[in-house]
Amino acid sequence: MSETTETPAESYEVQEAEAAPGAEPGPLPAGASGAAGLELRPALEAVLMVVDEPVTPEHLARVLQRRPREVSDALRELADEYARDGRGFELRLVAGGWRYYTRGEYADAVERFVLDGQQARLTQAALETLAVVAYRQPVSRSRVSAVRGVNCDGVMRTLLQRGLVEEGGTEPETGAILYRTTHYFLERMGLRGLDELPELAPFLPEAEAVEGDTQEGMPSFDVDDPSSDSQTTDTEH
Numbered sequence: 001m002s003e004t005t006e007t008p009a010e011s012y013e014v015q016e017a018e019a020a021p022g023a024e025p026g027p028l029p030a031g032a033s034g035a036a037g038l039e040l041r042p043a044l045e046a047v048l049m050v051v052d053e054p055v056t057p058e059h060l061a062r063v064l065q066r067r068p069r070e071v072s073d074a075l076r077e078l079a080d081e082y083a084r085d086g087r088g089f090e091l092r093l094v095a096g097g098w099r100y101y102t103r104g105e106y107a108d109a110v111e112r113f114v115l116d117g118q119q120a121r122l123t124q125a126a127l128e129t130l131a132v133v134a135y136r137q138p139v140s141r142s143r144v145s146a147v148r149g150v151n152c153d154g155v156m157r158t159l160l161q162r163g164l165v166e167e168g169g170t171e172p173e174t175g176a177i178l179y180r181t182t183h184y185f186l187e188r189m190g191l192r193g194l195d196e197l198p199e200l201a202p203f204l205p206e207a208e209a210v211e212g213d214t215q216e217g218m219p220s221f222d223v224d225d226p227s228s229d230s231q232t233t234d235t236e237h
């Protein structure tokens, strides 16, 4: 009978799978090489330099063949070190993962370099619509229109194109498409989750209060229907 050998990475994965739920994996196998042989903090910095969205400690632990707790501790140590040194960037925990961001006081320098004076900001109408979706999600376009008092189909189309909102099912009573904010929204807002939104929801009317107006005064148009453009009263370019 031939013997099977396993690499250090395979051995570590098996060890994690056999561990009790919630338990930390044991030490890495002797002679571990590759990512497991690298110094942890510089390895984390190298990986985080190339990510395009926040990455979880668990994902980093798998990539670097380390224990999740060890990775989480190292990430927090790096974040504290950058803050103490007053670096131009910081390491933040956002939307469940870690990523490098420009420190706030240096945002103007970065903005001038990247945008070169050409700014593409959301209009007031788009910001208001996004706020209604954030606090009332999942919500239909007609209900968002009822809250704002104007038809918001054009603005919703823009928010969809920018990846700030997405479809999130349909309304059982009417079959209308429901919308919710995206992971990208959390990232851009610098939030770990929706529970970190400011306490503004009480100032918005309840859905039941606007349901009547929704059905009568604010017809909903298909996002992909070009004919809706001519009927939209609140557009975003």
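Sequential numbering from 1 applies to the sequence shown in the UniProt record's numbering.
All residues carry an ideal CB built from backbone N, CA and C; glycine is no exception.
Check, Outcome
"Proximity to L160 [Cα-Cα], best of L93, T56, G169, R180", "R180"
"Simplified DSSP state of V110, which is helix, strand or coil", "helix"
"Residue 260 in three-state terms, based on DSSP", "No answer is possible for residue 260: the residues shown for the chain start at 1 and end at 237."
"Exposure of L127, with buried meaning 16 or more beta-carbon neighbours within 10 Å", "exposed"
"DSSP-derived helix/strand/coil call for V144", "helix"
"At least 3 beta-carbon pairs within less than 8 Å: the stretch 133 to 152 vs the stretch 92 to 108", "no"
"As assigned by DSSP and simplified to three states, the class of R66", "coil"
"Residue closest to E196, alpha-carbon to alpha-carbon, out of A95, V147, E70, I177", "A95"
"Cβ separation of L178 and P138, assumed to be a contact under 8 Å, to the nearest whole Å", "4 Å"
"Contact under 8 Å by Cβ, V165 with C152", "no"
"C-alpha gap between R67 and E81, whole angstroms", "21 Å"
"Minimum C-alpha distance to V50 - residue among E171, Y184, W98", "W98"
"L78 beta carbon less than 8 Å from that of E38", "Per the sequence presented here, residue 38 reads as Leu, with Glu not at that position. No. Outside cutoff."
"Residues bridged to G97 [DSSP beta-bridge criterion]", "V94"
"Three-way DSSP call (helix, strand, coil) for V150 in this model", "coil"
"Whole-Å CB distance - residue 240 paired with T129, under 8 Å assumed", "Nothing can be reported for residue 240, as the shown portion of the chain is limited to 1 through 237."
"Beta carbon of Q65 nearer than 8 Å to that of A36", "yes"
"Residue nearest to A176 in terms of C-alpha spacing, selected from A109, R141, T182", "R141"
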